[in-house]
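Chains as they are written, first to last, in the working numbering: chain A, 36 to 458; chain B, 19 to 210; chain C, -14 to 225. Reading through the structure tokens given below for one structure.
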Amino acid sequence: MKNISAILIVSLFFLGCKKTQVAMPDSSQWALFRDGAAAPLPYATRQAMEGVYDIAGNDNFGSLAALKWSYVVNGNNDTTYHISGFFGKDIAYFICEGKQLNGQILLSGYWRKMVSTETGIIRFTIDPANGATVLLNPSPVLPTAIILDGLFGNGQDEPKNSITLSHNRPLHNGAAPFNILAHRGGGRNSDLLPVSENSVEMILKTAELGSTGIEIDVRFTKDGIPILYHDNDINLRLTQKSGLVGPIENYTYAQLNAFVRLINGERIPTLRQALSAALYKTPLTFIWLDTKYIGSLERVQALQFEFMELATGLGRPLQIVIGLPAEAQVNMFLELPDYNITPSLCELSLADVERTNSMIWAPRFTEGTQNENVAAIQAQGKKAFVWTLDVPEFIEQFIRDGQFDGILSNFPSCVAYNYYVQQ
Amino acid sequence: MLVSFNISTAQQKVKNERLPRRKPSFVLHAGGGMSYYTAGISQTSVAIPGTLNKWSPAATLRLMWYPRYRLRLGIESGIANFYRYNVRDPDGEGKVTLQAVPVLVVWNMQVRPRWNIYAGFGSYFLTSWLDYRGKVRSTDVVLGSNVAVSYTQPINRRVSAAAEIKLMNAFETKDAALTLQLHFVWKVFQWD
Amino acid sequence: MIRITFYTILLLILSPAAYSQDSNFVAKHRAIFFPYPMYKEKWRTSLGFSFLTTPEDITEEIRLRIPCGEFTVLRKISEKVQAQGRVSFQFLQNHITAGVHYVKPINKKFYWSAGNDIGYWFGLLKIVEGFNSKASGWLTYPSVSFGWMTRKDLLITLKAQASFNLYYQSENGENKFVSTQKYYNGEAFTLSIEQPFYQRKHLLLAFSAISNKFYWQTWSLFYKTNRRVFYPQITVGFIL
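The following block contains the structure:
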């Protein structure tokens, strides 16, 4: 018995936390969707499909869904379009690709609940009589009844549970554009997305999750290269085991590039790579550069101006701002040449916003909706964003009762749902 | 008031008891051996796969307080390399060594005559030695623990020799190594 | 729960006639975790602290939270029924439990107990600029303990405790959210050692493996999910 107790003590002492993972289902096995005759959906069809849909046949995802398309550019003349469905229950969403075949519209992809590790395959069909004929017309005439007949399953199981989405109304579109901003490029590693936080791969994925913009964390390597990395140290939360420990600033970019991989296998991106991906490959319109270091901001400012000019040259709306989270960063910012014409976002007081001539005030959500302060800042022609809002009930309250121009969240799909389903 | 009255009553009863005959003492353990890295490290998780060495010399220094009772308390340190690996790519050769120095509070209990178990909790001071397009020495302090089983052979009243098998576990970085060591055990001071 | 119920029934079946009381126990084995009847004593108390290591997913770079003070009181109701109160305090977030436990000897070496505690936690973050948050909640904790008196100076206890969330409330500025959803929150397994240590002072050392969807010490850091999170915890207590 003594030995047993010793083993028990030791076992308890060494009980480790096995890392939870989400096994993303392989949704590419639908024979109909893989049919060689299946063709891409035209732009007009995609646009006409967007909207708020009623859900019937299953209560797994709530009663409403907001459907919206996004894209990612893979290379020259190669763009993938995704339709995302944002649900009101359990921060659930689906992401599908779409095709047409024999007059039908087919959607194939996966669903996920962010509050858990639940995921599975999901498929939809729009029959000709359920709206496909109208949608596939070169100039679809709406409103028309659009019904998506769907099946979904758990994990890699063949989808068998039915779900039906019926078009109810267009997506809410406010008088001023609303910014749905994704934290760390799209979400934290703890949210178990298939790509790592602050990676190029995450930036390419984030629009699928409902984001119109991103917040990314900027640090410098030992040789002065701005990179995307959140924590002070190299650790297992962010990277795979490499034998390197300690502050990331201790290593050169070449050393990090050779020895360190992010948690899902990606390389640590430079800020240039990240901005380039956002500009050329995504529909994102806003980038918030969160400053995670103490030092000169000149290199960041130079990249900011370079990429905003490139965006202007492309006729592409893209705003890049330097985030000022604390007094130290404010002081660094004030030392910049032309700081007063450098787009910035200040997380501190209204007086600091004025001092830095920031175009955006971004308070924490922990002080509430602060409608009076938000109205005051908007009266100056500036904007107000709130961060980092993750509780669905508070997201709903801030959208319903607040006046903010944007919300930063780890769950952009939840913000998207609550914003788009507004009547 | 009621609580303090009852506590004092209980303590009075305790004071009336005779203490165990065992004399308290401080005992120093010092020794060394070999360690083998037992945690997973996939070659694919290292950016550039190369040769990996999981064996290393290991040393331990531990000071234990033996009270009159069964459970003992002490502090422990030591040194071991968790692992080393070499890499080669078009830009040159490189090598990485991850070294660990534990600083742990350790509990110890004798479970059978001459057989002891140890469990420690505290920090591991990790150092990375990187030599690839420049040398870097970088450190971090992480949470960790250890557990050990030892067999002690008395040599005289104050000195013993011990063989010990120990698992070092820097659980924050998921690094672990099994060590086999020989210890010199010296009863430094005894009182009462 | 099925597992806990099974062990409770098993222990009830195995229990022989009440073990004759040991009047010297108060002096020898004043224990908090160990399920021993209170024959002559009326109170047992302990003061100590616990360390919770939090998973990197939740607290990111900060793996060791500040220690939590722990004060526990046992009050005799009858020989085999004890009231138990515990205050866990970190000042900005605190947790109070109170409950009743039935304690029964199996034989000279083995003891068991079963009971339930009701817990209330509250947290306040207003002292730092940018924060105007508070939250609170109610939980209930049914538990069973199994004690083994290995020898006169060493008591080993294994405690299994479930937790159910009953109420959750969170406020940020003028925004408030209340959830009355009741759900199974998780379970904790604790192995404790209690013995005299220095002179006649008794020491309590406990290792807990906690697996919860929500843990009160992390209320300000993350949103409750349906995912379990594992928290190892070490408790050190001095029995007064």
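Think of the CB as a built atom: it goes at the ideal place given N, C-alpha and C, for glycine as much as any other residue.
With a CB to CB cut of under 7 Å and the five nearest residues on each side skipped, what residues in its chain are close to residue i?
| i | result |
| --- | --- |
| Gly33 of chain C | Glu55, Leu189, Thr220, Val221, Gly222 and Phe223 |
| Asp226 of chain A | Met149 and Asn445 |
| Glu64 of chain C | Pro22, Met23 and Tyr24 |
| Leu206 of chain C | Ile43 and Thr44 |
| Ala195 of chain B | Ser53, Tyr54, Tyr55, Thr56, Ala98, Phe100 and Met186 |
Whose CA, out of the options, lies closest to the CA of residue i?
| i | options | result |
| --- | --- | --- |
| Ile59 of chain B | B:Ser95, B:Gln208 and B:Tyr103 | B:Tyr103 |
| Arg151 of chain B | B:Thr157, B:His47, B:Lys184 and B:Val105 | B:Val105 |
| Gln339 of chain A | A:Thr377, A:Thr305 and A:Ile329 | A:Thr377 |
| Thr191 of chain B | B:Tyr55, B:Asn71, B:Val123 and B:Asn134 | B:Tyr55 |
| Pro360 of chain A | A:Asn392, A:Arg334, A:Glu370 and A:Arg399 | A:Arg399 |
| Thr287 of chain A | A:Ala451, A:Ile303 and A:Thr274 | A:Ile303 |
| Ala145 of chain C | C:Ser121, C:Asp102 and C:Gly70 | C:Asp102 |
| Pro52 of chain C | C:Gln75, C:Gly132, C:Phe19 and C:Val163 | C:Gln75 |
| Glu428 of chain A | A:Asp125, A:Asp325 and A:Asp89 | A:Asp125 |
| Asn197 of chain C | C:Gly100, C:Ala191, C:Tyr152 and C:Val214 | C:Val214 |
| Leu183 of chain A | A:Leu170, A:Pro175, A:Val176 and A:Ser174 | A:Leu170 |
| Ile17 of chain C | C:Gln166, C:Ala68 and C:Gln218 | C:Ala68 |
| Phe189 of chain B | B:Thr197, B:Gly162 and B:Ala181 | B:Gly162 |
| Arg29 of chain C | C:Leu37, C:Phe36, C:Leu110 and C:Pro20 | C:Pro20 |
| Val88 of chain C | C:Leu124, C:Gly132 and C:Asn79 | C:Gly132 |
| Gln457 of chain A | A:Phe439, A:Ile434, A:Pro447 and A:Leu443 | A:Ile434 |
| Val356 of chain A | A:Gly348, A:Asn392, A:Ala210 and A:Leu385 | A:Asn392 |
Would you say residue i reaches chain C, if we count a Cβ-Cβ gap shorter than 7 Å as a contact?
| i | result |
| --- | --- |
| Thr391 of chain A | no |
| Pro172 of chain B | no |
| Glu402 of chain A | yes |
| Glu428 of chain A | yes |
| Gln432 of chain A | yes |
| Val502 of chain A | There is simply no residue 502 of chain A to check, as chain A begins at 36 and stops at 458 in what is shown. |
| Arg88 of chain B | yes |
| Ser225 of chain A | yes |
| Ser151 of chain A | yes |
| Pro85 of chain B | yes |
Pull up the DSSP beta-bridge partners for residue i, would you.
| i | result |
| --- | --- |
| Lys153 of chain B | B:Asp149 |
| Phe223 of chain C | C:Leu32 and C:Leu188 |
| Cys131 of chain A | A:Ile118 and A:Gly144 |
| Val159 of chain B | B:Phe143 |
| Ser379 of chain A | A:Ile357 |
| Asn15 of chain A | Nothing can be reported for residue 15 of chain A, as the shown portion of chain A is limited to 36 through 458. |
Could you confirm whether any beta carbon from chain B is found closer than 7 Å to the beta carbon of residue i?
| i | result |
| --- | --- |
| Phe182 of chain C | yes |
| Leu139 of chain C | yes |
| Pro22 of chain C | no |
| Gly248 of chain A | no |
Counting only beta-carbon atoms, is residue i nearer than 7 Å to chain A?
| i | result |
| --- | --- |
| Ser63 of chain B | Residue confidence is low: Ser63 of chain B scores 48 on pLDDT, short of 50, so the model does not pin down where it sits. No coordinate-derived value is stated. |
| Asn117 of chain C | yes |
| Val154 of chain B | yes |
| Ala12 of chain C | At Ala12 of chain C, the pLDDT of 44 sits below 50, so the modelled position is not reliable and the matter cannot be decided from this model. |
| Phe162 of chain C | yes |
| Arg212 of chain C | yes |
| Asn101 of chain C | no |
Along chain C, in chain order, which residues have C-beta atoms closer than 9 Å to that of residue i?
| i | result |
| --- | --- |
| Leu271 of chain A | Glu41 |
| Asp268 of chain A | Glu46 |
| Phe44 of chain B | Neighbours of Phe44 of chain B on chain C: none; closest Cβ ~14 Å, over 9 Å. |
What does residue i reach in chain A if we use C-beta pairs closer than 9 Å?
| i | result |
| --- | --- |
| Arg151 of chain B | Thr287, Ala289, Gln290 and Ala293 |
Take residue i and list the residues in its own chain whose beta-carbon comes closer than 6 Å to its own, dropping the five residues that flank it on each side.
| i | result |
| --- | --- |
| Gly133 of chain A | Leu76, Ile118 and Leu142 |
| Asp193 of chain B | Ala57 and Phe100 |
| Pro194 of chain A | Ile156, Arg158, Leu186, Phe187 and Gly188 |
| Glu156 of chain C | Lys119 |
| Ala363 of chain A | Ile329 |
| Ala173 of chain C | Gln146, Ser193 and Ile195 |
| Phe143 of chain B | Val119 and Val159 |
| Gly441 of chain A | Asn214, Leu216 and Phe420 |
Under 8 Å Cβ to Cβ from residue i, same chain only, skipping five residues before and after it: list those, please.
| i | result |
| --- | --- |
| Val107 of chain A | Thr114, Thr115, His117, Leu239, Lys240, Ala242, Glu243, Lys316 and Thr317 |
In chain B, which residues lie less than 7 Å from residue i when you measure between Cβ atoms?
| i | result |
| --- | --- |
| Ile219 of chain C | Phe139 |
At a CB-CB cut-off below 9 Å, which residues of chain B make contact with residue i?
| i | result |
| --- | --- |
| Leu206 of chain C | Residues of chain B passing the Cβ test: none, with the nearest at roughly 17 Å. |
List the residues of chain A whose Cβ lies closer than 7 Å to the Cβ of residue i, in chain order.
| i | result |
| --- | --- |
| Tyr101 of chain B | Gly278 |
In chain A, what lies closer than 8 Å to residue i by C-beta?
| i | result |
| --- | --- |
| Ser146 of chain B | Gly278, Leu279, Val280 and Gly281 |
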